[in-house]
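Numbering (this note's numbering), first residue to last: 231 to 689.
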C-alpha cells in the first residue's frame, strides 16, 4: 500500500520539477526547491519499502512508521490536487484579464488580479514546507529499523525446497483423508479413467496447513509403493522452470543422462520413451502457475504411461485446479481439530519428559496449542519453541504473548508471506468481499467475525 502511494506521488511530482514549466507558471517557481527536496525524500524512502512492508507483519513499530508515511502521502496528494487546480485557475484568470483589458479603456492594475494568486502561492508553499518537515522526520526514523535497500527489479522470495522423505512417527491427524486419497483415488480403477489420460488429483489449502506432509505420507505408503511401477517427486514452486521440472522427472525415472540435456524437447522425448507401459505416480509439489500453455507441454509425454498412472499436485491456488481441469478429484485440506492440533504441538515438548512432568505442563500446553487455531505448522513450531523451556513461568510467557511476539514468528509467517507476495500488485481488495470469501471457505461462520479480524489487524 505504502509502496503504491509513494510511486504515484513521485510520478505526480515530475511536472513540478521541470524548469521549462516552472518558467511559464510563476506559481510553481516559488516551491521548486522544496519540491526537489520532497522528491528526494520520497525516493530514499521508496528504496526501503519492500523490506518495510515485510517487517510490518511482525514489528508493530514498523507498522506505525508506515502508517505515518501513508498519512503524509495522503496529505501530499491533497496538496498536489490543490496545486493543479490553482495552476488551471491562474491560466483562466490571465485569459480573462486579457479580455477585460481589451474591452475597458481605463487601465486596471495587474495587482488586482494577482492578490489572490500571491496568497494561494504562499499557502501552498507553506503546506509543502510542512510536509517536507514531516518527511524529514520519517526519513530519519527509517534508519532506526535497519531496512535493506532493494532495487526496482522483481522481488524473488526464497521458497524452501521440499523432498519426499518424512518421519511418519511425527505426523498426527489426517488419517482419514490419507486413507481416502490412497484407497479411493490412487489404488482403485476409476470409471472415468481411459488409455492416454492421466488422472490429476490436486490437494489444495492455505500455507502451513499440511499439503506437502499429506503428499509425503501418501508417497511413502507401502500400498502406493507396491501399486505403482515407479514414483517421482518433483518440487515445482515459482517461477515455473520447465527445463528444471522436466529434468527432475527424468531423474526420478532414472534416466542416466538427464543432467546432460538442456533442451526441453530432448528431455520430454526421453520421458515419453522411458515412461511407456509403466504405471507411474508423479507428485508435483507447490505448484503456483496457472499458465495452461506451459503445463500443456508435459501432458503429451506423460500420457504414454500405463492405464492407472496418477499425478498428485499440491497447490494453494484454485486457479491451478481449474487450469488442470481437476476439480472433480480435488481434496480440500481444512484446519486440524483441537485434539489433533494438540497432538502435533505436544509431540516435541513431551518427547523427553516423564509422565509427571507432562501432566504438570499439559494444562498450559493446551492453552498455547489453542492459539494455533488448528494450523499444523504453527502447532509444530510453537511445540518446538517450548521444548527446552524448563519452568511453568516460561510456558506462561509464551501463552500470554501474541504468536508474532515469540521467537517462532519468522517460521510461522514465512508460508503466508509467499501468498502475500503472490497477490496482484497495487490491487485494492474489497473488505466485504474478502469477508464473504472467508465465510464461503468455512474459515469464519459470521460476518461479524470477519469484521473483527480487520479491527484486530488495524489495531
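Beta carbons are placed, not taken as given, at the ideal position from N, Cα and C, and that holds for glycine.
query	result
Span of the beta strand (DSSP E), counted from its first residue to its last, around residue 564	Unbroken run through residue 564: none, as it is neither H nor E.
Helix, strand or coil at residue 461 according to DSSP, with G and I counted as helix	strand
Contact with chain C by residue 541, beta-carbon distance below 8 Å	The structure shown contains no chain C, having only a single protein chain.
Cβ neighbour criterion (16 or more within 10 Å) applied to residue 340	Low confidence applies here, because residue 340 scores a pLDDT of 46, under 50, leaving its location unreliable and the question unanswered by this model.
Residues that DSSP places opposite residue 510 in a beta bridge	460
Rounded Cβ spacing between residue 466 and residue 516 (contact assumed at less than 8 Å)	6 Å
Enclosing beta strand (DSSP E) for residue 551 [first to last residue]	Note, residue 551: premise wrong, no beta strand (DSSP E); alpha helix (DSSP H) at 548–553.
With 16 other Cβ atoms within 10 Å as the buried cut-off, status of residue 525	buried
Distance, residue 657 Cα to residue 681 Cα	20 Å
CA-to-CA distance, residue 602 to residue 673, given in whole angstroms	14 Å
Same chain, Cβ closer than 8 Å to residue 554, neighbours up to 5 away in sequence not counted	430, 432, 525, 543
Segments of 4+ residues assigned as alpha helix (DSSP H) that fall wholly inside the stretch 472–505	472–482, 494–504
Residue 308, DSSP secondary structure in three states	helix
Cβ shell of residue 552 (< 8 Å), same chain only, five flanking positions each side left out	520
Proximity below 8 Å, CB of residue 454 to CB of residue 497	no
contact_flag[the stretch 436–452, the stretch 407–415] where n(CB pairs < 8 Å) is 3 or more	yes
Closest by C-alpha distance to residue 268, when choosing among 426, 302, 529, 492	302
Where residue 376 falls: helix, strand or coil (DSSP)	coil
6 Å CB neighbourhood of residue 457 in its chain, flanking five on each side removed	417
Opening and closing residue of the beta strand (DSSP E) in which residue 429 lies	429–434
DSSP state of residue 692 mapped onto helix, strand, coil	What the structure shows of the chain is the stretch from 231 to 689, and residue 692 is not part of that stretch, so it cannot be assessed.
Unbroken alpha helix (DSSP H) run spanning residue 613, endpoints	606–616
Within 8 Å, strictly: CB atoms of residue 485 and residue 499	no
Cβ-Cβ distance between residue 413 and residue 539 below 8 Å	no
Selection from 535, 562, 611 that minimises the alpha carbon distance to residue 547	562
Three-state secondary structure (DSSP) of residue 669	helix
Per-residue burial, residue 690 [other beta carbons within 10 Å of its own, 16 or more giving buried]	Given a span of 231 to 689 for the chain in the structure shown, any question on residue 690 remains unanswerable.
Residue 482 beta carbon less than 8 Å from that of residue 508	no
Boundaries (first-last residue) of the alpha helix (DSSP H) holding residue 425	Residue 425 -> no alpha helix (DSSP H), and no H or E assigned at all.
Close beta carbons around residue 298, own chain, < 7 Å, minus the five adjacent residues each side	368
Minimum C-alpha distance to residue 528 - residue among 609, 541, 671	541
Cβ separation of residue 271 and residue 366, assumed to be a contact under 8 Å, to the nearest whole Å	7 Å
Bounding residues of the alpha helix (DSSP H) (the contiguous stretch that carries residue 407)	405–410
For residue 414, the three-state DSSP class (helix, strand or coil)	helix
Residue 565 to residue 370 span [Cα, whole Å]	43 Å
Buried or exposed by the 16-neighbour rule on C-beta atoms within 10 Å, applied to residue 399	exposed
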